[in-house]
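Down below is the structure, laid out as structure tokens.
Number of protein chains: 2
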Amino acid sequence: MVSRRRPTMKDVAEHANVSISTVSYVLNDSGPVAAERRNRVLDAIRLLDYSPNESARSLKRRSASTVAMVVPDLTNQFFAMVAEGVHRAASAVDVLVVLVLPDATELPEESQAKLLRSQRVDGVIYLSGTGSMPAAIYDLARSGPVVLVDEQIPGRDLPAVVCDSRRGGREVAAHVLAQDHRRLAVVGGPPALWTAQQRLAGYREAFAGAGIDPDSVPVFAGDYRQESGYAAATEILSRPESERPTALLCANDLMAIGAMQCLRDNGLSVPGDMSVAGFDDQPISSMLTPALTSVRQPAYDMGHRAARVLFDLLEGREPDTTGPLPAEVRIRDSVGPPKEL
Amino acid sequence: MVSRRRPTMKDVAEHANVSISTVSYVLNDSGPVAAERRNRVLDAIRLLDYSPNESARSLKRRSASTVAMVVPDLTNQFFAMVAEGVHRAASAVDVLVVLVLPDATELPEESQAKLLRSQRVDGVIYLSGTGSMPAAIYDLARSGPVVLVDEQIPGRDLPAVVCDSRRGGREVAAHVLAQDHRRLAVVGGPPALWTAQQRLAGYREAFAGAGIDPDSVPVFAGDYRQESGYAAATEILSRPESERPTALLCANDLMAIGAMQCLRDNGLSVPGDMSVAGFDDQPISSMLTPALTSVRQPAYDMGHRAARVLFDLLEGREPDTTGPLPAEVRIRDSVGPPKEL
DNA sequence: TTGTATGCGTTATCAC
DNA sequence: GTGATAACGCATACAA
Chain A
1 MVSRRRPTMK DVAEHANVSI STVSYVLNDS GPVAAERRNR VLDAIRLLDY
51 SPNESARSLK RRSASTVAMV VPDLTNQFFA MVAEGVHRAA SAVDVLVVLV
101 LPDATELPEE SQAKLLRSQR VDGVIYLSGT GSMPAAIYDL ARSGPVVLVD
151 EQIPGRDLPA VVCDSRRGGR EVAAHVLAQD HRRLAVVGGP PALWTAQQRL
201 AGYREAFAGA GIDPDSVPVF AGDYRQESGY AAATEILSRP ESERPTALLC
251 ANDLMAIGAM QCLRDNGLSV PGDMSVAGFD DQPISSMLTP ALTSVRQPAY
301 DMGHRAARVL FDLLEGREPD TTGPLPAEVR IRDSVGPPKE L
Chain B
1 MVSRRRPTMK DVAEHANVSI STVSYVLNDS GPVAAERRNR VLDAIRLLDY
51 SPNESARSLK RRSASTVAMV VPDLTNQFFA MVAEGVHRAA SAVDVLVVLV
101 LPDATELPEE SQAKLLRSQR VDGVIYLSGT GSMPAAIYDL ARSGPVVLVD
151 EQIPGRDLPA VVCDSRRGGR EVAAHVLAQD HRRLAVVGGP PALWTAQQRL
201 AGYREAFAGA GIDPDSVPVF AGDYRQESGY AAATEILSRP ESERPTALLC
251 ANDLMAIGAM QCLRDNGLSV PGDMSVAGFD DQPISSMLTP ALTSVRQPAY
301 DMGHRAARVL FDLLEGREPD TTGPLPAEVR IRDSVGPPKE L
């Protein structure tokens with residue numbers, strides 16, 4: 001593979017016996033050009049297998065046609081699906097998506113800000129998901145447009161695409177309560193995270209609606225990871241059976257899975273001995289035994305819309321600012337009537 | 001946000017009272033510069049919050065410091081983990097990774113080739129995974145370096161990072177046989193895919209080693225998706241029980257999961273009534289009930305190594321060409337002794 | 001309609 | 001050690 005020099009516009013122009021600008025005109029429809037000459041150019045392009053050098057284009061246009069997508073963890077299928085939505089929206093307008101995963105070796109927001117400033121990317125889609133992510137984002141946003149997904153920063157209004165987590169929380173909780181559970185417990189997410197707050201708020205609304213004092217329901221602090229679900233369940237099982245909750249509301253599927261593992265390891269059955277509900281509706285959740293009752297978030301759509309919002313911002317359009325997307329309860333087998341009945 | 005023009009080297013030079021070249025020298029260590037002036041430059045850079053325009057750099061250097069990573073589907077956790085490995089290796093050398101997912105709307109290899117030729121990316125990491133992908137890749141490889149992951153094209157020798165699927169197949173099969181199963185069946189992957197061929201070849205070696213004629217073992221053609229596992233199991237269950245296999249070797253986890261669902265739907269227990277083994281060891285597989293016996297592929301390492309190979313190629317180094325990575329059997333609960341015993 | 005010339009921000013060559 | 005200056009490949013204002 002002798003890797004010959006790639007053809008440039010100049011080569012094309014020479015082959016077609018026209019000037020460079022003419023080539024540019026046909027490439028971008030940016031000027032009038034006679035049909036016959038246009039064809040000559042097109043032929044030359046095909047012949048030489050020419051394609052424009054995007055670095056030069058970016059330099060000239062001051063835009064890289066590229067966005068960064070920050071996700072905490074690709075193996076989480078929720079993030080993966082958001083990523084697919086982003087990718088799809090981007091490739092529809094010929095924009096590249098560069099992947100940014102937190103790199104243990106450096107401060108994440110610093111490297112992202114550098115990326116933005118270097119003009120290798122025009123904007124950022126930010127999925128905090130897990131982890132803290134405080135005002136640092138706001139710094140980031142000074143270097144260029146940033147769109148948040150499934151997250152909101154109270155006070156500052158950064159553009160964000162979210163779904164109605166509070167309502168989703170209210171509805172799963174209501175579903176559980178409708179099975180006549182009266183003693184519940186919550187395994188919550190990181191208290192600093194917006195999603196965790198919303199989901200919890202939703203649960204509490206449902207409790208109140210069912211005549212249960214929200215403050216009487218114990219909340220175990222988790223971190224959205226499987227281990228923390230296991231740990232919370234362990235703690236719950238350390239109590240005498242008569243004081244245990246009969247149903248567990250977990251703020252995400254991973255923790256629900258951890259809790260279910262713990263219950264199984266201790267010889268309890270789900271939902272026979274204890275009901276468990278999750279949140280996220282990861283694809284895997286429906287494959288479990290029992291299949292997990294959860295709340296589906298439209299991950300793909302959220303990613304897609306976030307990308308659209310970012311593009312609107314980049315092109316000075318007013319972003320589509322319709323409300324949160326719906327989150328729907330998926331009723332499955334992990335929630336049943338309480339044992340006592 | 002009034003989005004002022006970003007500072008350029010020229011601005012830095014003026015602030016520091018030096019020439020542009022001096023700034024360039026300190027930025028790249030590409031020339032000698034007196035300590036005192038170097039500091040002036042550094043200060044100016046900090047003051048102006050300057051960072052170099054990478055489009056201009058790419059243009060000049062004829063390299064984008066960016067690679068493309070083609071994956072069929074991010075929600076498959078194997079691919080997600082490969083992607084993480086690639087990302088890590090890339091960010092260690094300050095290379096960006098752009099995500100490429102097959103876009104239903106156009107021929108995949110065409111858009112990728114365009115990407116390569118446009119010099120927005122310097123090379124490609126290609127994960128065919130599922131789907132056919134024939135000689136088209138080879139065309140791609142003429143536009144620039146391409147490294148295959150978990151795939152090989154017989155005949156042509158494109159650089160590829162694989163793991164020892166044949167051995168992995170042999171070893172799971174041996175594990176199953178060691179439980180005294182004698183009537184087995186295989187749910188294979190797409191026959192055109194290298195991995196599917198290797199895994200099957202491994203199974204057959206084990207059969208032969210156990211005194212079973214490999215040709216006597218029925219192979220159901222799957223496509224690596226869950227549904228095809230379900231379908232294969234359905235077909236198997238249509239036979240009289242005395243002719244059914246007592247163990248199912250599935251060429252990937254997804255199909256194993258599908259098969260297990262089918263068995264459950266028909267009231268059969270795993271491994272009580274039939275044993276099932278997978279391949280890939282997706283994170284979810286250990287969370288199933290029963291946990292799936294599978295073969296772990298070092299996905300992250302494969303991605304990491306593939307990226308290293310690509311960088312070697314890009315910089316004219318001889319790529320590290322150590323053999324396939326090991327694939328290890330993960331023994332779990334979905335394989336047990338046959339029912340008859 | 002078409003061509004010429006200039007600039008985008010960097011790097012690198014060459015004089016000084 | 002340092003600083004002009006010419007590319008890099010493309011887009012475009014302006015002249016023809």
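Quick mapping for you: the protein sequence lines, in order, are chains A and B. When you line the first sequence up against UniProt numbering, it's residues 1 to 341, in that order. When you line the second sequence up against UniProt numbering, it's residues 1 to 341, in that order. Quick reminder that beta carbons are idealized off the backbone N, C-alpha and C, glycines included. Here the structure is a predicted model, which means the values were calculated and not measured.
Residue i and residue j closer than 8 Å at C-beta
{"i": "Leu-248 of chain A", "j": "Ser-275 of chain A", "result": "yes"}
{"i": "Ala-68 of chain A", "j": "Val-93 of chain A", "result": "no"}
{"i": "Ala-233 of chain A", "j": "Ala-251 of chain A", "result": "no"}
{"i": "Thr-246 of chain B", "j": "Arg-183 of chain B", "result": "yes"}
{"i": "Arg-244 of chain A", "j": "Ile-236 of chain A", "result": "yes"}
{"i": "Ala-35 of chain B", "j": "Thr-22 of chain B", "result": "no"}
{"i": "Ala-206 of chain B", "j": "Arg-170 of chain B", "result": "yes"}
Chain B contact for residue i (CB, 8 Å cutoff)
{"i": "Pro-271 of chain A", "result": "no"}
{"i": "Ala-136 of chain A", "result": "no"}
{"i": "Arg-6 of chain A", "result": "yes"}
{"i": "Ser-275 of chain A", "result": "no"}
{"i": "Asn-28 of chain A", "result": "no"}
{"i": "Ile-284 of chain A", "result": "yes"}
{"i": "Val-146 of chain A", "result": "no"}
{"i": "His-15 of chain A", "result": "no"}
Neighbour flag for residue i against chain A, beta carbons, 8 Å
{"i": "Ser-118 of chain B", "result": "yes"}
{"i": "Lys-114 of chain B", "result": "yes"}
{"i": "Met-1 of chain B", "result": "Reliability fails at Met-1 of chain B, whose pLDDT of 49 lies under 50, so the model's placement of it is uncertain and no value is given."}
{"i": "Met-287 of chain B", "result": "yes"}
{"i": "Asp-215 of chain B", "result": "no"}
{"i": "Asn-53 of chain B", "result": "yes"}
{"i": "Leu-177 of chain B", "result": "no"}
{"i": "Glu-84 of chain B", "result": "yes"}
Residue i versus residue j: straight-line alpha-carbon distance, rounded
{"i": "Leu-313 of chain A", "j": "Ile-125 of chain A", "result": "12 Å"}
{"i": "Pro-191 of chain B", "j": "Gly-31 of chain B", "result": "57 Å"}
{"i": "Pro-324 of chain B", "j": "Cys-163 of chain B", "result": "4 Å"}
{"i": "Ile-331 of chain B", "j": "Tyr-203 of chain A", "result": "40 Å"}
{"i": "Pro-72 of chain A", "j": "Ala-277 of chain A", "result": "24 Å"}
{"i": "Gly-129 of chain A", "j": "Ser-19 of chain B", "result": "46 Å"}
{"i": "Val-100 of chain A", "j": "Leu-96 of chain B", "result": "8 Å"}
{"i": "Ala-210 of chain B", "j": "Leu-268 of chain B", "result": "27 Å"}
{"i": "Glu-54 of chain A", "j": "Ser-238 of chain B", "result": "57 Å"}
{"i": "Gln-261 of chain B", "j": "Glu-110 of chain A", "result": "46 Å"}
{"i": "Tyr-138 of chain A", "j": "Asp-43 of chain A", "result": "49 Å"}
{"i": "Pro-145 of chain A", "j": "Met-287 of chain A", "result": "39 Å"}
{"i": "Ala-208 of chain B", "j": "Arg-61 of chain B", "result": "56 Å"}
Contact set for residue i: own chain, Cβ-Cβ below 6 Å, skip 5 residues either direction
{"i": "Val-147 of chain B", "result": "Ile-125, Pro-159, Ala-306, Val-309 and Leu-310"}
{"i": "Ser-63 of chain B", "result": "Asp-122"}
{"i": "Pro-283 of chain B", "result": "Gln-77"}
{"i": "Asn-266 of chain B", "result": "Leu-237"}
As assigned by DSSP and simplified to three states, the class of residue i
{"i": "Ala-327 of chain B", "result": "coil"}
{"i": "Leu-248 of chain A", "result": "strand"}
{"i": "Phe-220 of chain B", "result": "strand"}
{"i": "Arg-5 of chain A", "result": "coil"}
{"i": "Tyr-126 of chain B", "result": "strand"}
{"i": "Gly-202 of chain B", "result": "helix"}
{"i": "Gly-155 of chain A", "result": "coil"}
{"i": "Ala-196 of chain B", "result": "helix"}
{"i": "Arg-317 of chain A", "result": "coil"}
{"i": "Asp-180 of chain A", "result": "coil"}
{"i": "Leu-288 of chain B", "result": "coil"}
{"i": "Glu-171 of chain B", "result": "helix"}
{"i": "Gly-303 of chain A", "result": "helix"}
{"i": "Ser-91 of chain A", "result": "helix"}
Residues near residue i by beta carbon distance below 8 Å, same chain, minus five either side
{"i": "Gly-85 of chain B", "result": "Ala-299, Tyr-300, Asp-301, Met-302, Gly-303, His-304, Arg-305, Ala-306 and Ala-307"}
{"i": "Asp-273 of chain B", "result": "Leu-263 and Lys-339"}
7 Å CB neighbourhood of residue i in its chain, flanking five on each side removed
{"i": "Pro-337 of chain A", "result": "Gln-179 and Asp-180"}
{"i": "Ala-89 of chain B", "result": "His-304, Ala-307 and Arg-308"}
{"i": "Gln-119 of chain B", "result": "Ala-64"}
{"i": "Ala-327 of chain A", "result": "Cys-163, Asp-164, Ser-165, Arg-167, Gly-168, Val-295, Arg-296 and Gln-297"}
Any non-hydrogen atom of the ligand GDP within 7 Å of residue i CB
{"i": "Gly-211 of chain B", "result": "The ligand GDP is not part of this structure, which contains no ligands at all."}
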